[in-house]
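Under the numbering used here, read the sequence shown as residues 2 to 112, first letter to last.
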Amino acid sequence: MSESVVESQGLDRYECRVCGYVYEPTKGDSKEEVPAGTPFTELASSWRCPVCGARTSQFENIGPVGKASGFDSNLNYGLGVNKLTPAQKNLLIFGGLAIGFLLFMSLYGLK
2 MSESVVESQG
12 LDRYECRVCG
22 YVYEPTKGDS
32 KEEVPAGTPF
42 TELASSWRCP
52 VCGARTSQFE
62 NIGPVGKASG
72 FDSNLNYGLG
82 VNKLTPAQKN
92 LLIFGGLAIG
102 FLLFMSLYGL
112 K
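Here it is as structure tokens:
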């Protein structure tokens, strides 16, 4: 399956509640020879976490890559900031800090 097709499907990632390993369907699992593009729900019942060996029942759906975090019903609040993906929130926060720092440092240039 081509990578662009896999990304367009919006496959959900699953996180192991025991060790924190995240199963990425777009990458598969090379240790157990699970091909890329295999959804978590289609994994064999004998599949285990490659890090700690936990069963599939110990995994929790954390959604697709780039999905805005939080409950869907709350995404309309917060001046639109709740709809931002984690990467966009990081850019907004650290970009704002960098601009604030530069403005603060520019005050030393005043005589």
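C-beta atoms are modelled at their ideal positions from N, C-alpha and C, and glycine is treated no differently.
Keep in mind the model is a prediction, meaning the values are calculated, not measured.
From which residue to which residue does the beta strand (DSSP E) around residue i run?
i, result
"Gly64", "Phe60 to Gly64"
"Cys17", "Arg14 to Cys17"
By DSSP, does residue i sit in helix, in strand, or in coil?
i, result
"Tyr109", "helix"
"Val82", "helix"
Confirm, please, whether the CB-CB distance from residue j to residue i is below 8 angstroms.
i, j, result
"Asp30", "Asn62", "no"
"Cys179", "Phe60", "Because the chain spans 2 through 112 in this model, residue 179 falls outside it and cannot be assessed."
If I measure Cβ to Cβ from residue i and keep anything under 7 angstroms in the same chain, skipping five residues before and after, which residues do I get?
i, result
"Arg56", "Arg49"
"Phe102", "none"
"Gly110", "none"
"Leu44", "Val35 and Thr57"
"Glu8", "Any reading at Glu8 must be qualified, since the residue scores a pLDDT of 41, below 50, and its modelled position is unreliable; the value itself is stated next. The residues are Thr27."
For the candidate residues the options, whose alpha-carbon lies nearest to that of residue i?
i, options, result
"Gly38", "Thr86, Leu85, Pro26 and Val82", "Pro26"
"Glu33", "Ser46, Tyr22, Glu43 and Pro51", "Pro51"
"Lys68", "Leu98, Gly97, Leu44 and Gln89", "Gln89"
"Lys28", "Pro65, Gly54, Ser58 and Ser47", "Pro65"
"Tyr22", "Cys53, Gly97 and Ser47", "Cys53"
Please work out which residues of its chain come closer than 6 angstroms, Cβ to Cβ, to residue i, disregarding the five sequence neighbours upstream and downstream, and give them in chain order.
i, result
"Tyr15", "Tyr24, Phe41, Phe60 and Asn62"
Enumerate in chain order the residues of its own chain whose CB-to-CB distance from residue i is below 8 angstroms, with the five nearest sequence positions on each side excluded.
i, result
"Ser107", "none"
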